[in-house]
Ligand SMILES: *[C@@H]1O[C@H](CO)[C@@H](O)[C@H](O)[C@H]1NC(C)=O
Ligand SMILES: *[C@@H]1O[C@H](CO)[C@@H](O)[C@H](O)[C@H]1NC(C)=O
Ligand SMILES: *[C@@H]1O[C@H](CO)[C@@H](O)[C@H](O)[C@H]1NC(C)=O
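Numbering (mature numbering (1 follows the signal peptide of the UniProt record, and there is no 0)), first residue to last: -18 to -1, 1 to 222.
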């Protein structure tokens, strides 16, 4: 599954004292640096950990972190989620997911936006991977974008499920834009390979503690076959 990172290949190909080329398209930078995650904005939740408790990383631990689950992969950062049996508390499903750390109010008229560019590399057979979410800290998941192995992307909202792309081909790059203000959420979707676009608007409940997440939240449970993998090429959240 995981091959030698690019810098290892470079180290074999070039003398150790050669100056690394400053480019964000190789793993000479950490995943957090590649995605410009900043020093305090995000927490990474992993599908591994001791005692069945998912490992979470933030701050300086996240800044330099790279592993088989979270690594720079040429055009993005790959989030790999195998079935390790380790989940965050309250969930049956493993995840390699970035949580934005700032909570926001649905009712505020200021825009709270998230834009994520990614491609779904793999989904466990017959399952889905949640690639973006809005949750309320005290009320749980509100909006979840699921990419199904069968090639369909939907958003599940409290008011029902809407299709964003009925013909998604695994491996295709896509962009998702969320913008929330005054209890209204707008979601736009673009498939950069097929060109398919769609947008949906939803009413939001006036919760005061919403937050964004993006990554690979794999909808498998212990004993299920397969894994999920998502490669994120850019991620930005504006909550000011
Ligand atoms: C790197 O990214 C590609 C495309 O997103 C993916 O297919 C592949 O599994 C990733 N990992 C490695 C080690 O190549
Ligand atoms: C947030 O999204 C809204 C609606 O698309 C847009 O008007 C606004 O400029 C965006 N704000 C930022 C900071 O991207
Ligand atoms: C998403 O938002 C970004 C930044 O505001 C913008 O450049 C891009 O065109 C938007 N894409 C879609 C599909 O709405």
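Each residue gets a CB set at the ideal place from its N, CA and C atoms; glycine is no exception. In this text, all values refer to a predicted model and were calculated from it rather than measured experimentally.
Given that a residue counts as buried once 16 or more other Cβ atoms are within 10 Å of its Cβ, and exposed if not, what is residue i?
i           : result
residue 184 : buried
residue 113 : buried
residue -17 : Bear in mind that the predicted position of residue -17 carries a pLDDT of just 43, short of 50, making it unreliable; the figure below should be weighed with that in mind. Residue -17 should be labelled exposed.
residue 70  : buried
residue 119 : exposed
residue 175 : exposed
residue 121 : exposed
residue 192 : buried
residue 132 : exposed
residue 104 : buried
residue 63  : buried
residue 35  : exposed
residue 108 : exposed
residue 166 : exposed
residue 23  : buried
Would you check if the distance between the CB atom of residue i and the CB atom of residue j is smaller than 8 Å?
i           : j           : result
residue 15  : residue 211 : no
residue 152 : residue 102 : yes
residue 78  : residue 177 : no
residue 181 : residue 169 : yes
residue 135 : residue 117 : no
residue 98  : residue 214 : yes
residue 187 : residue 140 : yes
residue 106 : residue 208 : yes
residue 304 : residue 219 : As displayed, the chain neither begins before -18 nor continues past 222, which places residue 304 out of reach and without an answer.
residue 200 : residue 13  : no
residue 17  : residue 203 : no
residue 162 : residue 216 : no
residue 171 : residue 158 : yes
residue 44  : residue 19  : yes
If you measure from the CB of residue i, is any heavy atom of ligand 3 nearer than 7 Å?
i           : result
residue 22  : no
residue 173 : no
residue 157 : yes
residue 70  : no
residue 221 : no
residue 97  : yes
residue 170 : yes
Is there at least one non-hydrogen atom of ligand 2 closer than 7 Å to the beta-carbon of residue i?
i           : result
residue 52  : no
residue 184 : no
residue 43  : no
residue 125 : no
residue 216 : no
residue 161 : yes
Counting contacts by CB-CB distance shorter than 8 Å, is residue i in contact with chain B?
i          : result
residue 54 : The structure shown contains no chain B; it holds only a single protein chain.
Is it the case that the CB of residue i approaches a heavy atom of ligand 1 more closely than 7 Å?
i           : result
residue 63  : no
residue 213 : yes
residue 191 : no
residue 103 : yes
residue 60  : yes
For the segment 128 to 180, list the alpha helix (DSSP H) runs that are entirely contained and at least 4 residues long, ordered along the chain. none
Does the structure place the segment 70 to 84 close enough to the segment 24 to 31 that three or more beta carbon pairs sit under 8 Å? yes
What are the uninterrupted segments assigned as beta strand (DSSP E) that are 3 or more residues long and contained completely in the segment 75 to 109, given in chain order? 77 to 82 and 94 to 104
Three or more C-beta pairs closer than 8 Å, one from the segment 40 to 52 and one from the segment 86 to 98: is that the case here? no
Going along the chain, which unbroken runs of the beta strand (DSSP E) with 3 or more residues stay wholly within the segment 174 to 217? 179 to 185 and 192 to 200
My parser needs the alpha helix (DSSP H) runs of 4 or more residues fully inside the segment 10 to 36; what are they? 13 to 16
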